[in-house]
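First comes the structure, then the notes that go with it.
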Amino acid sequence: MGHLTAVEDGAEPPLGVLGKGATRVRIADPVRDGGGKVRRLERSRAEFQARELLHRDLLNALPAAIYTIDTAGRITFYNEAAVALAGRRPVLGSDEWCVTWKLYNPDGSPLPHDVCPTAIALKEGRSIRGVEAIAERPDGSRVWFMPYPTPLKDETGAIVGAVNMLVDITARKAAEARQTLLANEVNHRANNLLAVVQASLRMTQADTVEGFRAAMMGRVGALAHAHSLLARSRWTGADLERLVAHELGSYMDPRAPRVRAVGPATPLRPTEAQSMAMALHELATNAAKYGALALEAGGVVVEWARRRDRLVVCWREEGGPRAKAPAREGVGGRVIRVAMAQLGGGVSFDWRPEGLHCELSLPLAPAI
6 MGHLTAVEDG AEPPLGVLGK GATRVRIADP VRDGGGKVRR LERSRAEFQA
56 RELLHRDLLN ALPAAIYTID TAGRITFYNE AAVALAGRRP VLGSDEWCVT
106 WKLYNPDGSP LPHDVCPTAI ALKEGRSIRG VEAIAERPDG SRVWFMPYPT
156 PLKDETGAIV GAVNMLVDIT ARKAAEARQT LLANEVNHRA NNLLAVVQAS
206 LRMTQADTVE GFRAAMMGRV GALAHAHSLL ARSRWTGADL ERLVAHELGS
256 YMDPRAPRVR AVGPATPLRP TEAQSMAMAL HELATNAAKY GALALEAGGV
306 VVEWARRRDR LVVCWREEGG PRAKAPAREG VGGRVIRVAM AQLGGGVSFD
356 WRPEGLHCEL SLPLAPAI
């Protein structure tokens, strides 16, 4: 049997110590071994910290608000998107259940934090999906959001906390509100337009079918143009000058104008534009048939201005046949009176020898 030679771990035996048949035995150095364990522990701790920092950086880079809570509901982590959504920076280990300041249900009623979706998810051990809520920031602004709380479990299946993601849906809710408002507005305007057309049908009179058709086509055409202007402005308003230009454009040739339009830029709201379009159409039709525009030398001046809270439009005919008040009010006069009266406005006719003078007035809101 060969002899044994002891050699310290990591050292090499001196030359000639190990002879033929000798057995080499390593003796561990306890100091050196302990240092290796320390180094491995430090390396593991450093790797863990590096992974944790990476995960935090990844969560902070996400645009969605994310935070975590422990089993008592205390907030243990939140990313910067959560700060932006909540409008505040929560206190870790103190604030509970949600990063938000105040919560409300979709119907506007208060939603206590201890019964919010995150609290339910943790207490009942289930994920919550498909609900909406409203968060109020400390500055009073509000945000619609959808929460996605999910319980967190360890390797044994025990719940150790929860993670929640808050998705801001404020823009979507605003779009839905605008869509609903637009649908209601379209329905209202369609009903209003049909009512005006029905009123025009009742008031329109003619000796022939062709005359009746022409009269109705003119009135409906005036309404259609007003609505086209409103549609182009997305129903924010129709400019009065453009309404005048539509009804009297054929007489406004720059080379020999027979119509002058004078006034500041005046946007009219939909109902105002509709009524003014009807009134201008009736005045233009009457002037072309019987008034100043029936003669080559005649002309019309249309002026408008705002007088306090009212829009006043003056129609003045010049150079036409001698004006004379009719024995009875015609259909055109009734249409104008009804159009103005619908908005609380008024109309006055002055049949002067040099031509018809008409004044239309409408109450205007401060925004106009």
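The opening position of the sequence shown corresponds to residue 6 in our numbering, with each subsequent residue numbered one higher. Positions of the beta carbon are idealized from the N, C-alpha and C atoms, including for glycine. The structure displayed is predicted, hence computed values, not measured ones.
Here the alpha carbons of residue 129 and residue 160 stand approximately 19 angstroms from one another.
As computed with DSSP, residue 222 is found in no beta bridge at all.
Excluding sequence positions up to five before and after residue 113, its CB lies within less than 8 angstroms of the CB of 139, all in the same chain and listed in chain order. Per DSSP, reduced to three states, the secondary structure at residue 104 is coil, with no helix or strand assignment.
The DSSP-derived three-state label of residue 329 is coil. By the neighbour-count criterion, in which 16 or more other beta carbons inside 10 Å mark a residue as buried, residue 100 falls on the buried side.
Residue 173 places its beta carbon 8 angstroms or farther from that of residue 136.
Relative to residue 168, the option among 221, 64, 251 whose CA is nearest is 64. Sixteen is the threshold: since fewer than 16 other Cβ atoms of the shown chains lie within 10 Å of the Cβ of residue 356, the residue is exposed. Under the three-state reduction of DSSP, residue 265 is assigned to strand. About 6 angstroms separates the beta carbon of residue 315 from that of residue 369, a gap short enough to meet the 8 angstroms contact definition. Remark: C-beta atoms of residue 281 and residue 288 do not approach each other more closely than 8 angstroms. The beta carbon of residue 122 sits closer than 6 angstroms to those of 133, 136, 152, 154, all from its chain and outside the five residues before and after it, given in chain order. Its Cα nearest to that of residue 105, the residue 94 stands out among 290, 94, 337. Residue 271 sits buried, since 16 or more C-beta atoms from the chains shown fall within 10 Å of its C-beta. The alpha helix (DSSP H) runs lying completely inside the region 262 to 312 and spanning 4 residues or more are 275 to 294, given in chain order. Relative to the Cα of residue 143, the nearest Cα in the group 252, 213, 98, 89 belongs to 89. Put simply, of 181, 125, 275, 146 the residue whose alpha carbon is nearest the alpha carbon of residue 156 is 125. A buried status is given to residue 291, since no fewer than 16 other beta-carbon atoms sit within 10 Å of its beta-carbon.
Here residue 143 carries a coil assignment [DSSP, helix/strand/coil]. With respect to residue 246, residue 286 sits apart: the two C-beta atoms are not nearer than 8 angstroms.
The Cβ neighbour count for residue 84, taken over all protein chains shown within 10 Å, is at least 16; the residue is labelled buried.
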